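Chemist:
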Amino acid sequence: MDDVLIGGIEKRAIVVVDYDPRWPDQFRKQAQIIERALGGSALAIEHVGSTSVPGLAAKPIIDIDVLVADSSDEATYLPALVQAGYVLRVREPDWHQHRMFRTRELDVHVHIFSRGCVEVTRHLAFRDRLRAFPEDRLLYEGVKRKLAGEDWPDMNAYAQAKTEVVEQIIARALRETGKGGPP
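With the first letter of the sequence shown counted as 1, position 80 gets the number 512 in the working numbering; the numbers rise by one all the way through.
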């Protein structure tokens, strides 16, 4: 994990708050910064995660997926994102060549993936399912609130604890969109 998590494990409180209608504007502001920094290298910039779902309680951290031609080619985006004020936090060459940057304020996570990465399809399917299906949104929110009340060594452990419900919701989303799984 030390070679993936730059700076090592950080113990942080997991705080889930009610939906904040300012989150879409915060995303747009960050998307503009990213777009200015990367120009045409950013093939897509998407608001994902819980803050992208109106009405859903969330950790107040804006998650953004950015698609580039090849996320393993850090020279095409890393210097520009660092110059724009983001800090590289995660480098996962064995998981979709994923990179994650964050703001110094720890309120924005920018996930870098390559064009065509299945994980981005999964993120968008999850977001869209939660936006369209209140029962899944309530199920997910209940799990998040319950888990947030526990003591976690770091945010990754909290995220891992949500995996089962997240995978169930993604599976429903992908089946309904015809992008995966049996009918």
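Ideal Cβ placement from N, Cα and C applies to all residues, glycine included.
Everything numeric in this text was worked out from a predicted model, so none of it was measured.
Identify, in the order they occur along the chain, each residue of the same chain with its Cβ nearer than 8 angstroms to the Cβ of L488, setting aside the five sequence neighbours on each side.
Modeler: Y451, S482, L562, R569, Y572 and E573
Chemist: With a threshold of 16 other CB atoms inside 10 Å of the CB of F558, please say whether the residue is buried or exposed.
Modeler: buried
Chemist: Go ahead and pull the three-state DSSP assignment for Y509.
Modeler: Y509: coil per DSSP, three-state reduction.
Chemist: Nearest CA to the CA of E506: which residue from D497, A516 and R531?
Modeler: R531
Chemist: Thinking R577 and V436 are a contact (beta carbons under 8 angstroms), I'd like their distance in whole angstroms, please.
Modeler: The C-beta distance from R577 to V436 rounds to 28 angstroms, too long to meet the 8 angstroms contact threshold.
Chemist: Return helix, strand or coil for E478, following the three-state DSSP convention.
Modeler: strand
Chemist: Tell me which same chain residues have a C-beta within less than 7 angstroms of the C-beta of P566, skipping the five on either side of it?
Modeler: none
Chemist: Applying the 10 Å Cβ sphere with the 16-neighbour rule, what's the burial state of D495?
Modeler: buried
Chemist: Among the candidates A580, H543 and L513, whose CA atom is the shortest distance from the CA of V449?
Modeler: A580
Chemist: Can you check the region 520 to 608 for any beta strand (DSSP E) of at least 3 residues that lies completely inside it and give the ranges in chain order?
Modeler: 530 to 535 and 540 to 546
Chemist: With DSSP run on the structure shown, which of helix, strand or coil describes P615?
Modeler: Any reading at P615 needs caution, since the residue's pLDDT is 35, under 50, leaving its predicted position unreliable; the model's value is listed next. In this structure, P615 counts as coil in the three-state DSSP scheme.
Chemist: Less than 8 angstroms between the beta carbons of A469 and A501, yes or no?
Modeler: no
Chemist: Which residues bound the alpha helix (DSSP H) around I438?
Modeler: Where I438 is concerned, there is no enclosing alpha helix (DSSP H), because DSSP gives it neither an H nor an E.
Chemist: Please work out which residues of its chain come closer than 6 angstroms, Cβ to Cβ, to A490, disregarding the five sequence neighbours upstream and downstream, and give them in chain order.
Modeler: S482 and T483
Chemist: Does DSSP put V498 in a helix, a strand or coil?
Modeler: strand
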